[in-house]
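Participant: Sharing a structure here in structure tokens format.
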Amino acid sequence: MLTRNQFLRSALGVAAATLGLSVLHACGTSPVPPSPDGGDLGGGGGHPLDARATAGGADGGSGGQSQCVASGTTTTIGDNHGHVLVVSSGDVAAGAAKSYNIQGTSDHNHTVALTAAEFAMLQQDSAVMTTSSFDDGHDHSILVACA
């Protein structure tokens, strides 16, 4: 089982790698402004019940949109024991604050609240670190990043 510090170090490494890949990708392309309406984003996607869940968009390509809006997100839940968080590309595009229940197959629930400011970060392809509610004597560190 990972300690909180191990999880945070790992999550920050993933976020740094994601940022590095985003910067490398951006160097080889010309900037294209995002679509004002976000296009047909759909939602959903598979979510294995380990510590990761993915929520993808329907279009599969970026079409000038941010990676999170085009492809959805990947979530990593520290010290996971069956919880699932799916943040769809539609949620990212909408950008409105939202609360999620992450019970999954666990015998208890937690909630995770993402603010409009955190959705704005995802819209700019930045990863977000947050913490679930404190329930059943514990909470979970959560990383939401672009898929």
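According to the working numbering, the residues represented by the sequence shown are 1355 to 1501, in order.
Each residue gets a CB set at the ideal place from its N, CA and C atoms; glycine is no exception.
Computed from a predicted model, the values in this text were never measured in an experiment.
Pick out whichever of T1484, T1428 and G1426 has its Cα sitting closest to the Cα of T1464.
Facilitator: Taking the first residue of the sequence shown as 1, we reach residue 1464 at position 110. It is worth fixing the name first, because residue 1464 is His in this sequence and not Thr. Comparing Cα-Cα distances from H1464 to each of T1484, T1428 and G1426, the minimum goes to T1484.
Participant: Could you give the DSSP three-state label for A1470: helix, strand or coil?
Facilitator: The sequence position of residue 1470 within the sequence shown is 116, counting from 1. Helix.
Participant: Tell me the DSSP secondary structure of L1583 in three-state form.
Facilitator: A question about residue 1583 goes unanswered here, because the residues of the chain that appear run from 1355 up to 1501.
Participant: How many angstroms separate the CA atom of A1471 from the CA atom of G1436?
Facilitator: The count along the sequence shown starts at 1 and reaches residue 1471 at position 117. The count along the sequence shown starts at 1 and reaches residue 1436 at position 82. C-alpha separation (whole angstroms): 28 Å.
Participant: Using beta-carbon positions only, say whether C1500 and S1442 come within less than 9 Å of one another.
Facilitator: Start at 1 with the first residue of the sequence shown, and residue 1500 comes out as number 146. Start at 1 with the first residue of the sequence shown, and residue 1442 comes out as number 88. Not a contact, by the Cβ cut-off of 9 Å.
Participant: Quick check: the Cα distance between H1462 and Y1454, rounded to an integer number of angstroms?
Facilitator: Numbered from its first residue, the sequence shown carries residue 1462 at position 108. Numbered from its first residue, the sequence shown carries residue 1454 at position 100. Their Cα atoms are separated by approximately 14 Å.
Participant: In this structure, how does DSSP classify S1453 when only helix, strand and coil are distinguished?
Facilitator: The residue given as residue 1453 occupies position 99 in the sequence shown. Three-state DSSP puts S1453 in a strand.
Participant: In the DSSP assignment, what residue or residues form a beta bridge with V1441?
Facilitator: Counted from its first residue, the sequence shown places residue 1441 at position 87. According to DSSP, V1441 bridges with nothing at all.
Participant: Using C-beta distances below 8 Å, list every residue in its chain close to G1458, excluding the 5 sequence neighbours before and after it, in chain order.
Facilitator: By one-based count along the sequence shown, residue 1458 stands at place 104. Excluding positions up to five away in sequence, the list reads L1403, G1436, H1437 and V1438.
Participant: What is the C-beta distance between L1476 and V1498, in whole angstroms, given that I count them as a contact (C-beta under 8 Å)?
Facilitator: For the purposes of this step, residue 1476 is identified with residue 122 of the sequence shown, where counting begins at 1. For the purposes of this step, residue 1498 is identified with residue 144 of the sequence shown, where counting begins at 1. Confirmed, Cβ separation roughly 7 Å.
Participant: Please classify D1490 as buried or exposed, where buried requires at least 16 neighbouring CB atoms within 10 angstroms.
Facilitator: Numbered from its first residue, the sequence shown carries residue 1490 at position 136. Exposed, because fewer than 16 other Cβ atoms sit within 10 Å of the Cβ of D1490.
Participant: Residue range of the beta strand (DSSP E) that T1459 falls in?
Facilitator: Locating residue 1459 in the sequence shown gives position 105, where the first residue counts as 1. Note, T1459: premise wrong, no beta strand (DSSP E); not H, not E.
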